[in-house]
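S.K.: The structure follows.
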Amino acid sequence: MTMLLEDVLRSVELWLRLIKKPQPQAYVNPNLDPVLLVPGVGGSILNAVNESDGSQERVWVRFLSAEYKLKTKLWSRYDPSTGKTVTLDQKSRIVVPEDRHGLHAIDVLDPDLVIGSEAVYYFHDMIVQMQKWGYQEGKTLFGFGYDFRQSNRLQETMDRFAEKLELIYNAAGGKKIDLISHSMGGLLVKCFMTLHSDIFEKYVKNWIAICAPFQGAPGCTNSTFLNGMSFVEGWEQNFFISKWSMHQLLIECPSIYELMACPNFHWKHVPLLELWRERLHEDGKSHVILESYPPRDSIEIFKQALVNNKVNHEGEELPLPFNSHIFEWANKTREILSSAKLPSGVKFYNIYGTNLATPHSICYGNADKPVSDLQELRYLQARYVCVDGDGTVPVESAKADGFNAEERVGIPGEHRGILCEPHLFRILKHWLKAGDPDPFYNPLNDYVILPTAFEMERHKEKGLEVASLKEEWEIISKDQDGQSNTGDNKMTLSSISVSQEGANKSHSEAHATVFVHTDNDGKQHIELNAVAVSVDAL
0 MTMLLEDVLR SVELWLRLIK KPQPQAYVNP NLDPVLLVPG VGGSILNAVN ESDGSQERVW
60 VRFLSAEYKL KTKLWSRYDP STGKTVTLDQ KSRIVVPEDR HGLHAIDVLD PDLVIGSEAV
120 YYFHDMIVQM QKWGYQEGKT LFGFGYDFRQ SNRLQETMDR FAEKLELIYN AAGGKKIDLI
180 SHSMGGLLVK CFMTLHSDIF EKYVKNWIAI CAPFQGAPGC TNSTFLNGMS FVEGWEQNFF
240 ISKWSMHQLL IECPSIYELM ACPNFHWKHV PLLELWRERL HEDGKSHVIL ESYPPRDSIE
300 IFKQALVNNK VNHEGEELPL PFNSHIFEWA NKTREILSSA KLPSGVKFYN IYGTNLATPH
360 SICYGNADKP VSDLQELRYL QARYVCVDGD GTVPVESAKA DGFNAEERVG IPGEHRGILC
420 EPHLFRILKH WLKAGDPDPF YNPLNDYVIL PTAFEMERHK EKGLEVASLK EEWEIISKDQ
480 DGQSNTGDNK MTLSSISVSQ EGANKSHSEA HATVFVHTDN DGKQHIELNA VAVSVDAL
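Mapping the sequence shown onto numbering that gives the first Met the number 0, position 299 (from 1) lands on 298, and the numbers just tick up by one.
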C-alpha cells in the first residue's frame, strides 16, 4: 500500500514539473559583480541518492509524504570520530542539488507545491528581484546549498564552499564576490572566513549578513531541544512534519547545538531556562519556587529531560539523549567564531530583523502546576519571555557580529519573511550598486530624498538685506513600491514665521511656506519657498 502511494506521489510531482515552464530573463547587466546567496537552517533542498542505482528523490523540503521521508531518509546519528551526522538509512546518502548553479536548492524549497507555496518560498523573491536588476544565473548570480544538519565548520562543507568561491570568481572573469547570507548561513560564512581567511580575502569583496544569530537564538533553540519545532506555520503545518519528528531529527544535528546561546557573551539580559519546582524546605514544608538556569547550567536540565528519549527506526529502539559529544563540538565552534577577524580587503554589512516578540528565555510549569519530573518537559508547553527581534533571533544577538561593520540596519520583519521585504531589496540594491548610484538613499529610514530644483537670491542695499530661497524635492518611500494611490491626491500647506530683535534696534524676520503634494504613483513632491529680511539700525 505504501509503495503504491509512493508511485502516485511521484507521478503527481512529475506532472507538476512538466507544466512549469521557465521564463526567459529580459535584462542582463554584464557590469555587475557576482553574488553568492547562502541560506540558513532548513533553507536548502536535500536529495536522497539510492546507493544501488544512483536514483535521486527530494526528501527536504516536501509536503507530499513529508513525515515518512523525514523518518526514513533524514533521521540520523552523530559520529564523534568525524564530527558528521550520518543518515540512519544505510542504503542512501544525502546530497544537495546543484541545478541552476546552486540556486535551485535555495529558491522555492518545494518546487512542486502549488497551493500554499509561500510557506516554502525562500530566496525566490530576492532572486526574481536581482534578475530585474540585471543579475544572470551562472554569470553573476549563484547559490550555495548545504546539508544544514551538519556543523557549520564541517570540513566537507568548507571544501565545497572554497570550490564554489573559486568557480564563481573564474566564471565572472576575476571579479570578487558579494556574499549575502541569511540566518545560520552567517555562521557558516564566519567559520569559513576564520578557518580560511586567505581564500576568503582572495575571492570576497563584500559580505552582507541578514538575521544572523551571531550569539545564538536562545529561546527558539532551547525550546527545540525539549519540544521540537515547526518549519512552517498556519494551516500548512497539518500537511508537513510534526514537531516531535523534527525534534528527533534536530537532537542529532550539530548545527542546532551551534545555535545555542553563547555563554561568554555579555548579554544585557541573560537568557534563562526557568522551571517552577516543588522543593522541601528545612521547616519540613514543601514550597513552589521558580528556578532559573543560565546557559551553562541549563545543560544538566536538558540531559535529565532527554535521558530516556528514543526513536523507533525500522522496528529498532535507538536512544537519542542530549548529545554531549555534539555539545563539545559546538563549544569548539563557538571558540572559532569568537576569534574571527574581518580581512582588511573585505567590507561587512549587517541587516537584522526588528519589531517582533522574539523568544529569549523559556519557562515551564507555574505556581499552581510545578514541574514534578524533568522528563515531562518534552510534553509541556513552554512560555516565552520575549525581547525585540525577528521572531527567531534577538536583535542583541544579530547585531553582535564582532566586526567593524560598514553599516548595521534594522528592518521590521519576520526571520524568513524579511527576505521578501521591498525595504531589504532597496538596501541591497544600494549596497551592491546594482544600477545607477543613488547618493540620496537612506537605508535606515528607507526613503529617497531627490532634489529637483534649487534657487537662491540675495540683495543688500542701505542696511536692508533680503534673501529668498526656493527648493524642491521628491520623496520616494516604501509606500510607492508595487502600489498605486487610488485615493484623492492631497495637498498640504504649512508655514512658519520667525522674528528676532538684534542689538542697536536691528531686526530680522523670516517666513517659509511648504507645499506637499502626493502623486498617483506614491511620490511626494515638496516645494519650499522662504524669504528672510534683515534691517540694520540706521
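Positions of the beta carbon are idealized from the N, C-alpha and C atoms, including for glycine.
Just so you know, these numbers come straight off a predicted model, no measurement behind them.
1) In angstroms, rounded to a whole number, what distance separates the CA positions of Phe-347 and Glu-56?
2) Starting from Asp-389, follow its DSSP beta bridges and name the residues at the other end.
3) Between the Cα of Asp-106 and those of Trp-132, Thr-81, Glu-327 and Glu-136, spot the shortest distance and give me the residue it belongs to.
4) Tell me, to the nearest whole angstrom, how far the beta carbon of Leu-36 is from that of Ile-209; I am working on the premise that it is less than 8 Å.
5) Which first and last residues belong to the beta strand (DSSP E) in which Ser-180 is found?
6) At a cut of 8 Å, does the region 238 to 251 reach the region 64 to 79 through at least three beta carbon pairs?
7) Going residue by residue through the region 135 to 219, where are the continuous alpha helix (DSSP H) segments of at least 4 residues, counting only ones entirely within it?
8) Please return the same chain residues whose Cβ sits closer than 6 Å to the Cβ of Glu-277, not counting the five positions on each side in sequence.
9) Leaving aside the five residues before and after Leu-398 along the sequence, list all residues of the same chain whose C-beta is less than 7 Å from its C-beta, in chain order.
10) Considering just the uninterrupted stretch of the alpha helix (DSSP H) at Ile-250, what are its terminal residues?
11) Can you say whether Val-60 is buried or exposed, counting buried as having 16 or more other CB atoms within 10 angstroms of its CB?
12) Kindly provide the ranges of any beta strand (DSSP E) runs that are 3 or more residues long and lie completely inside the region 250 to 304, ordered along the chain.
13) Go ahead and label Leu-319 buried or exposed: buried means 16 or more other beta carbons lie within 10 angstroms of its beta carbon, across all protein chains shown.
14) Could you please give the first and the last residue of the uninterrupted beta strand (DSSP E) stretch that includes Trp-59?
15) Can you check which of these residues, Val-269, Ala-171 and Arg-159, is closest to His-195 by C-alpha distance?
16) Name the residue from Thr-86, Lys-469, Ile-525 and Thr-139 whose alpha carbon lies nearest to the alpha carbon of Gly-147.
17) With distance defined between alpha-carbon atoms, name the residue in His-324, Phe-143, Tyr-202 and Lys-138 nearest to Ala-171.
18) Is it the case that the CB of Ile-255 approaches a heavy atom of the ligand MG more closely than 7 Å?
19) Here's the rule I'm using: 16 or more other beta-carbon atoms within 10 Å means buried, otherwise exposed. How should Trp-243 be labelled?
20) With H, G and I counted as helix, E and B as strand and the rest as coil, what does DSSP make of Asn-528?
21) Identify which residue in Asn-307, Trp-266, Trp-275 and Val-306 has its Cα closest to the Cα of Pro-294.
22) Entirely within the region 303 to 386 and at least 4 residues each: give me those alpha helix (DSSP H) ranges in chain order.
23) Taking three-plus beta-carbon pairs below 8 Å as touching, is the region 149 to 169 in contact with the region 77 to 91?
24) In three-state terms, what does DSSP make of Ser-64?
25) For the alpha helix (DSSP H) that Ile-426 lies in, which residues bound it at each end?
26) Is the shortest distance between the beta-carbon of Cys-419 and the beta-carbons of chain B less than 8 Å?
27) Rounded to whole angstroms, what is the Cα-Cα separation between Val-513 and Ser-493?
28) Identify whether Glu-395 lies in helix, strand or coil by the three-state DSSP scheme.
29) Assign His-414 to one of three DSSP states: helix, strand, or coil.
30) If Val-534 sits next to His-506, beta carbons under 8 Å apart, how far is it from one beta carbon to the other, in whole angstroms?
31) Assign Ser-533 to one of three DSSP states: helix, strand, or coil.
32) Taking the alpha carbon of Tyr-134 as the point to measure from, which residue in Pro-217, Leu-102, Glu-299 and Tyr-120 has its own alpha carbon closest?
33) Counting only the same chain and skipping the five closest in sequence on each side, list residues whose C-beta sits under 7 Å from that of Val-188.
34) Tell me the DSSP bridge mates of Ser-103?
35) According to DSSP, is Asp-78 helix, strand or coil?
M.R.: Looking at the coordinates:
1) 38 Å
2) Leu-355
3) Glu-136
4) Incorrect: roughly 10 Å between the Cβ atoms, too far for contact.
5) 176 to 181
6) yes
7) 154 to 170, 184 to 194 and 196 to 202
8) Ser-285, Val-287 and Pro-369
9) Here residue 398 is Lys; the residue named in the question, Leu, does not match the sequence. Here the set comprises Asn-349, Tyr-351 and Arg-407.
10) Careful: Ile-250 lies outside any alpha helix (DSSP H) and carries neither H nor E.
11) buried
12) 272 to 279 and 285 to 292
13) buried
14) 55 to 59
15) Arg-159
16) First, the residue type needs correcting, since residue 147 is Phe and not Gly in the sequence shown. Per the Cα distances, Thr-86.
17) Lys-138
18) For the ligand MG, the structure offers nothing, since it holds no ligand at all.
19) exposed
20) strand
21) Trp-266
22) 323 to 337
23) yes
24) coil
25) 421 to 431
26) Of the protein chains in this structure there is only one, and it is not chain B.
27) 5 Å
28) helix
29) coil
30) 5 Å
31) strand
32) Leu-102
33) Val-37, Leu-178, Ser-180 and Trp-206
34) One point to set straight first is that residue 103 is His, not Ser, in the sequence displayed. For His-103, which the question treats as bridged, DSSP gives no partner whatsoever.
35) strand
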